[in-house]
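Q:
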Amino acid sequence: MMDYFNSIEPPTNESPYELLLRAALLIPLSHYLLGLCLIFIVFLYNFLEIHFLQDFFTGFMGQPVTLTFNSSSKLYHDVVSKCRVLHGRYLSTPWLCSPHLQTVFVHYFGNPPVVNYTRQLFTTSDGGTIALDWVINAEDKQTAIQGNDAMQHNDRCPIIIIVPGLTSASDSAYVKHLAFKMAERGCNVAVSNHRGLGGVSVTSDRFYTAAWTDDIRSVIEHIHCQYPEAPLFAVGTSVGANILVKYLGEDGHNVPIIGAAAICSPWDSLICDRFFRRRLLQRCYNKVLTSGLKDYANLHKDVLSRISNWEGVQEARSCRDFDDVATRVLANCETVDTYYRQCSSANYVGGVMVPLLCISSLDDPICTSEAIPWDECRLNKNVVLATTQHGGHLPFFEGLTAKSVWWVRAVDEFFTALKSSPLSHQRKEVQMPVLSSANPQETSIDKAAFLNVTKDGNSCCSSRTP
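The numbering of the sequence shown is the UniProt record's numbering, which starts it at 1 and goes up by one.
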């Protein structure tokens, strides 16, 4: 026992901190680097909301799709109940297991199929010009699909009208995925580009906004009058979904379409605006969207500078800034919050009187799930809301190669089931708006590489290289 105590070294004069420092210096540098890497990986995993481990521990089976609907809804019992995709699971592409990775991928890469269009220039009552891009073929195993050049007035082939999102057009990857799938199914597909987009000049003092439904109303009624025997369907994406739902709610029974789908709608712009200012990543998205809006404004500077605060447009640092100096002015609103309240489609869900499928992702980094009108969708028997745990903003990629988009398959199956159901309602006759028979005034925008306007008001339009 005495030997044990004698073997103990007497205490030194070093402080505990000095002892800790000496001990820390004994740890190899490689261990510190490994620890820092692990900390960075954990941070990145949470920051980017990666869900690979969740997918792994669930055996890569995916998460079930949640359906919200009225218990007495004929739309659900006669149509949606037959849709296997909506009653299945969604598993994202393993190497895109983050809403941010998916969203960035679809907007900058997207793996779109090759889709070619023929262009029809549509003139609105106020002199505005809208480009309707009709799919003329889709290259998949040499499959050719006819566009509206081959259509007759009494054609009964279904027509799908696509309304793109904010600053998007017919050349956007997610639009091509949908257009290709619908055309492959045998439908005629028309993409209704917003004013000033798709390589077409603004020819009036009216610009499109999230609250402006006159354009989509005129386009749908025009196509219906051109092809009165053809069943009409409409699909809106992002802001295009907001515009479509608002139009359906405003017009109720008086719409000439059989059914519609709204994909990743913002629903409530006021809530989305607050969401944009909450986290660092959302602020990054805000900057990117603002840059796109400013690019759009610069394309049409000659017109926009006369009717808005152009200096404010140039200085805008967020979507709210841009909307305050330009969009709310165009929408004749006193404040930007007033504009956000007026344009929010959540206020119009109760007025929808045609079958409507709404699809949203709970991890959407742009259109937050907090804005989803759950109760309004549940109360309206004409609406079914499908939500997935993952998917991002519009991509919903699936499979190892990320060449398949889940919501495109869901919409395809929904429309197919709807066409054969008793819910296909009688459409009312509407007055046909004026269709342009001559070119609008040419500008540098009209001379974009992918646009070739002909004298008859149509144009050949090839998809841009992804």
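Here a beta-carbon is modelled for each residue, glycine too, at the ideal position from N, C-alpha and C.
#1: May I have a chain-ordered list of the beta strand (DSSP E) segments no shorter than 3 residues that lie completely inside the region 32-95?
#2: Measure the Cβ-Cβ separation of Ile-160 and Gly-236 and say whether it is below 9 Å.
#3: Taking 9 Å as the CB-CB limit, is Gly-240 close to chain C?
#4: Which residues in the same chain as Ile-307 place their Cβ atom closer than 6 Å to its Cβ, once the five residues preceding and following it in sequence are excluded?
#5: Contact between the region 163-176 and the region 236-254 is defined here as three or more beta-carbon pairs at a separation below 8 Å; is this criterion met?
#6: Among Ala-410, Ser-404, Leu-423, whose alpha-carbon lies nearest the alpha-carbon of Ala-173?
#7: Using CA atoms only, rank isn't needed, just tell me which of Met-61, Thr-335, Ser-192, Lys-294 is closest to Thr-129.
#8: For Ile-271 and Asp-78, I'd like the C-alpha separation in whole angstroms.
#9: Nearest to Gln-389 by alpha carbon, out of Leu-357, Met-353, Val-349, Cys-264?
#10: Looking at Leu-232 and Pro-256, is the spacing between their C-beta atoms short of 9 Å?
#11: Pair every Cβ in the region 323-332 with every Cβ in the region 42-54, then say whether three or more of these pairs are closer than 8 Å.
#12: Out of Tyr-108, His-107, Leu-132, Gly-110, which has the shortest C-alpha to C-alpha gap to Thr-118?
#13: Am I right that Cys-187 and Cys-157 are in contact with their C-beta atoms under 8 Å? What's the rounded C-beta distance?
#14: Return the bridge partner residues of Ser-404 from the DSSP annotation.
#15: In the DSSP assignment, find the unbroken beta strand (DSSP E) run with Ser-192 in it and report its ends.
#16: Alpha carbon to alpha carbon, how far is Thr-368 from Leu-418?
#17: Between residue 486 and the rest of its own chain, which residues show a CB-CB distance below 8 Å, the 5 nearest in sequence each way excluded?
#18: How many Å lie between Ile-39 and Ser-30 at the Cα?
#19: For the alpha helix (DSSP H) holding Val-332, just list the boundary residues, first then last.
#20: Could you say which of Ala-210, Phe-207, Gln-120, Ala-179 lies nearest to His-222 if we only look at CA atoms?
A: Looking at the atomic coordinates:
#1: 66-68
#2: no
#3: Here there is only one protein chain, and chain C is not present.
#4: Asp-205
#5: yes
#6: The candidate whose alpha carbon is nearest that of Ala-173 is Ser-404.
#7: Ser-192
#8: 34 Å
#9: Cys-264
#10: yes
#11: no
#12: Leu-132
#13: 7 Å
#14: As DSSP reads the structure, Ser-404 sits in a beta bridge with Glu-398.
#15: 188-192
#16: 29 Å
#17: The requested residue 486 does not occur in the structure, where the chain is confined to residues 1 to 466.
#18: Near 14 Å, if we compare the C-alpha coordinates of Ser-30 and Ile-39.
#19: At residue 332 the sequence reads Asn, which differs from the Val that was named. Unbroken run through Asn-332: none, as it is neither H nor E.
#20: Gln-120
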